[in-house]
Amino acid sequence: SQTIHQWPATLVQPVGSPLSLECTVEGTSNPNLYWYRQAAGRGLQLLFYSVGIGQISSEVPQNLSASRPQDRQFILSSKKLLLSDSGFYLCAWSVQGIGIQPQHFGDGTRLSIL
Amino acid sequence: EDQVTQSPEALRLQEGESSSLNCSYTVSGLRGLFWYRQDPGKGPEFLFTLYSAGEEKEKERLKATLTKKESFLHITAPKPEDSATYLCAVRQGAQKLVFGQGTRLTINP
């Protein structure tokens, strides 16, 4: 069966510091990968998605970037964090190809910027 | 622009008291509507995909239905362990899901 791992679970960072959040998927090959942010009282917002190694699509302009160095690894980064980057960051995967496939989420990283 | 609105924002029920959650959507050409359950501090857990008006899906005490403008998540004889936030999303384009704000459901014993 497929599993998705995110780490760390919680993170407290000062304003202006760098960020690296990692997500890995097991039990499937060539998945679509996604990064979402869930701010308090707001719905999930898609930040980035990837359909293959090195292929990144950005949904909203922001202070963050994403990379996919390996087939089942997705990384969310920032060079300098802002207060507005606080939130709950979720990684998700879906099967590529035929039909309408659901996205499956990890357990997220709670990021607090001080 | 595609939009998803869920109601109510919060719902408290007694154990065994059946009810329904609503998800209204405006989308040009529905390509899938998804229901998720989210527990506090966790990621959303996939429940159902609905593809076309008239479709129904069931899982234990949950039943999801779809019309051309909205979807309902019916919960029958709920138990305290059904307490969670329930999220609805519609597919936009090839990859994007547009989520509603969710309904926070509390089942009191």
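Protein chains in written order, with the numbering used here: chain A, 1 to 114; chain B, 115 to 223. For each residue, glycine too, the CB sits at the ideal point set by N, CA and C.
Given that a residue counts as buried once 16 or more other Cβ atoms are within 10 Å of its Cβ, and exposed if not, what is residue i?
i        : result
Gln152/B : buried
Gly38/A  : In the sequence as presented, Gly is not what sits at residue 38/A; that position holds Gln. The residue is buried, with at least 16 neighbouring Cβ atoms inside 10 Å.
Ser166/B : exposed
Gly155/B : exposed
Thr220/B : exposed
Thr109/A : buried
Gly87/A  : buried
Val12/A  : exposed
Please confirm whether residue i and residue j have their CB atoms less than 8 Å apart.
i        : j        : result
Val15/A  : Leu111/A : no
Thr217/B : Leu135/B : yes
Cys23/A  : Gln2/A   : no
Leu46/A  : Leu211/B : yes
Phe74/A  : Ser50/A  : yes
Glu184/B : Cys137/B : yes
Ala198/B : Phe148/B : no
Gly106/A : Ile4/A   : yes
Glu129/B : Pro223/B : yes
In the DSSP assignment, the beta strand (DSSP E) including residue i goes from what residue to what residue?
i        : result
Glu169/B : Taken as a continuous stretch (DSSP letters only), Glu169/B belongs to no beta strand (DSSP E), as it is neither H nor E.
Leu180/B : 176-180
Asn32/A  : 32-38
Val51/A  : 44-52
Ile4/A   : 3-7
Ile75/A  : 73-78
Asn222/B : 217-222
Gly87/A  : 87-94
Asn63/A  : First-last for Asn63/A: undefined, no H or E at that position.
Thr115/A : In the structure as shown, chain A begins at 1 and stops at 114. Residue 115/A is therefore absent and cannot be evaluated.
Thr109/A : 109-113
Lys210/B : 210-213
How long is the line joining the alpha carbons of residue i and residue j, rounded to whole angstroms?
i        : j        : result
Gly99/A  : Gly146/B : 10 Å
Leu44/A  : Asp85/A  : 14 Å
Ser29/A  : Gly54/A  : 15 Å
Leu21/A  : Gln215/B : 25 Å
Gln103/A : Thr140/B : 21 Å
Ser67/A  : Cys91/A  : 13 Å
Ala208/B : Lys193/B : 36 Å
Leu176/B : Gly52/A  : 35 Å
Asp196/B : Phe186/B : 16 Å
Ser17/A  : Ser77/A  : 11 Å
Ser142/B : Ala9/A   : 37 Å
Glu159/B : Leu201/B : 9 Å
Gly27/A  : Thr119/B : 34 Å
Tyr36/A  : Thr179/B : 26 Å
Leu19/A  : His188/B : 41 Å
Val25/A  : Tyr34/A  : 11 Å
Ser57/A  : Glu169/B : 32 Å
Lys182/B : Lys79/A  : 45 Å
Leu127/B : Gly41/A  : 22 Å
Any contact of the stretch 115-128 of chain B with the stretch 54-70 of chain A, i.e. 3+ C-beta pairs under 8 Å? no
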